[in-house]
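Engineer:
There are 2 protein chains.
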Amino acid sequence: MKKAIMLISIGISMIGIATAQNETSKAKAGTQWLRHVVLFKFKDDAKPADIKLVEDGFRALATKINLIKKFEWGINNSPENLNQGLTHCFLVSFSSTKDRDDYLVHPDHKAFVELLKPFLDKATVVDYWVQE
Amino acid sequence: MKKAIMLISIGISMIGIATAQNETSKAKAGTQWLRHVVLFKFKDDAKPADIKLVEDGFRALATKINLIKKFEWGINNSPENLNQGLTHCFLVSFSSTKDRDDYLVHPDHKAFVELLKPFLDKATVVDYWVQE
């Protein structure tokens, strides 16, 4: 019986591990997400190395700023031609309005905006609480 | 020993259940996501009932069209004033380029676009494969 309890306990621990592996590192189960959708159009004279600097800079924010609970990004491949020149999308997820607001004034975020500015033609930003 | 194997087996089965519960209904574990980000600016004379029609119409697509593997949406609440008049974001996820392409020409999607047109000022659409 003790063996049985021990093995059920192993089973339950393993469920815990399985659940954790399906959550993004800093996210809790059942979190309501506040999405921060950031789209960039770069200047015509921005070089690939400049754009790489911005991509890496934004990715670095996600590791530096603990307020960011999920992060992903990608490069536009829509065939609809409705991207208004915007080529990059960064999708940042917060779990509260306060975290989003604190992120916006965070020194690391402000430094990133300064790094970005020389290469940026236009940014479009929409935030929303996730509905289904 | 048989009991031990049986209980480990229960543990593994339960991991399977836990994993399934953390995936969106139509999504497979380990799926690479192609995001389809759709932003709308409505005409100034669009009434709340018109906008509700569009919101409900888009949500209905997610249940009607099986190519859509994940769906969420929300209304802009960004304090940055960089939303370029865009108030609504719909985030649609596909698991292949073919599914995205088939969605774009799907009769239900085309019907939705016709429903939307009278109320739409501007759409911005960016698709991307998720990178981290």
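Top to bottom, those sequences are chains W and G. The first sequence maps to residues 408 to 539 in this note's numbering. The second sequence maps to residues 408 to 539 in this note's numbering. By construction, the Cβ of each residue, glycine as well, lies at the ideal position given by its N, Cα and C atoms.
Please decide whether residue 485 of chain W counts as near chain G, where near means a Cβ-Cβ distance under 7 Å.
Structural biologist: Stepping through the first sequence from its first residue, residue 485 of chain W is reached at position 78. Interface residue, yes.
Engineer: Using a Cβ cut-off of 7 Å (strictly closer), state whether residue 499 of chain W contacts chain G.
Structural biologist: Against the first sequence, residue 499 of chain W aligns to sequence position 92. No, residue 499 of chain W does not count as interfacial toward chain G.
Engineer: For chain W, find out if any of its Cβ atoms is closer than 7 Å to the Cβ of residue 470 of chain G; answer yes or no.
Structural biologist: Against the second sequence, residue 470 of chain G aligns to sequence position 63. Answer no: the Cβ-Cβ gap between residue 470 of chain G and chain W never drops below 7 Å.
Engineer: Might you give, ordered along the chain, the residues of its own chain that have their beta carbon closer than 7 Å to the beta carbon of residue 482 of chain G, omitting 5 neighbours on each side?
Structural biologist: Mapped onto the second sequence, residue 482 of chain G falls at position 75. Closer than 7 Å at Cβ, skipping near neighbours: 494 and 495.
Engineer: Can you tell me the Cβ-Cβ gap for residue 492 of chain G and residue 463 of chain G, rounded? I've got them flagged as a contact below 8 Å.
Structural biologist: By one-based count along the second sequence, residue 492 of chain G stands at place 85. By one-based count along the second sequence, residue 463 of chain G stands at place 56. About 22 Å separates the two Cβ atoms, so there is no contact after all.
Engineer: Classify residue 468 of chain G as helix, strand or coil using the three-state DSSP reduction.
Structural biologist: Sequence index remark: in the second sequence, residue 468 of chain G carries index 61 (1-based). DSSP places residue 468 of chain G in helix when its eight states are reduced to three.
Engineer: Between residue 530 of chain G and residue 489 of chain W, is the Cβ-Cβ spacing less than 7 Å?
Structural biologist: Reading the second sequence from its first residue, position 123 is the one you call residue 530 of chain G. Reading the first sequence from its first residue, position 82 is the one you call residue 489 of chain W. Yes, they are a contact pair.
Engineer: Only counting the same chain, and skipping five residues up and downstream in sequence, which positions put a Cβ closer than 6 Å to that of residue 441 of chain W?
Structural biologist: Translated into the one-based positions of the first sequence, residue 441 of chain W becomes position 34. Result list for residue 441 of chain W: 501, 507 and 536, in chain order.
Engineer: Can you give me the C-alpha to C-alpha distance between residue 473 of chain G and residue 459 of chain G, rounded to a whole angstrom?
Structural biologist: Numbered from its first residue, the second sequence carries residue 473 of chain G at position 66. Numbered from its first residue, the second sequence carries residue 459 of chain G at position 52. Roughly 23 Å separates the two Cα atoms.
Engineer: Going by beta carbon distance, what residues of the same chain come within less than 7 Å of residue 509 of chain G, once the five residues before and after it are set aside?
Structural biologist: By one-based count along the second sequence, residue 509 of chain G stands at place 102. Same-chain partners within the cutoff: 474.
Engineer: Report the three-state DSSP secondary structure of residue 443 of chain G (helix, strand or coil).
Structural biologist: One-based indexing of the second sequence puts residue 443 of chain G at position 36. Of the three classes helix, strand and coil, the one that applies to residue 443 of chain G here is strand, per DSSP.
Engineer: Could you check what DSSP says for residue 518 of chain W in three-state terms: helix, strand or coil?
Structural biologist: As a first step, residue 518 of chain W must be located in the first sequence, where it is residue number 111. DSSP places residue 518 of chain W in helix when its eight states are reduced to three.
Engineer: Nearest to residue 514 of chain W by CA position, among W/503, W/539 and W/471, is which residue?
Structural biologist: Working through the first sequence from its first residue, we reach residue 514 of chain W at position 107. Nearest C-alpha to residue 514 of chain W: W/471.
Engineer: If I'm right that residue 526 of chain W touches residue 457 of chain W with Cβ under 8 Å, what's the distance once you round it to whole angstroms?
Structural biologist: The sequence position of residue 526 of chain W within the first sequence is 119, counting from 1. The sequence position of residue 457 of chain W within the first sequence is 50, counting from 1. Yes, residue 526 of chain W and residue 457 of chain W are in contact; Cβ-Cβ is about 5 Å, under 8 Å.
Engineer: Compare the Cα-Cα distances from residue 466 of chain G to each of G/487, G/455, G/499 and G/517 and report the closest residue.
Structural biologist: Within the second sequence, the letter at position 59 stands for residue 466 of chain G. Nearest C-alpha to residue 466 of chain G: G/499.
Engineer: For residue 438 of chain W, would you say it is in contact with chain G, using Cβ-to-Cβ distances shorter than 7 Å as the test?
Structural biologist: As a working note, residue 438 of chain W is residue 31 in the first sequence. So, not an interface residue.
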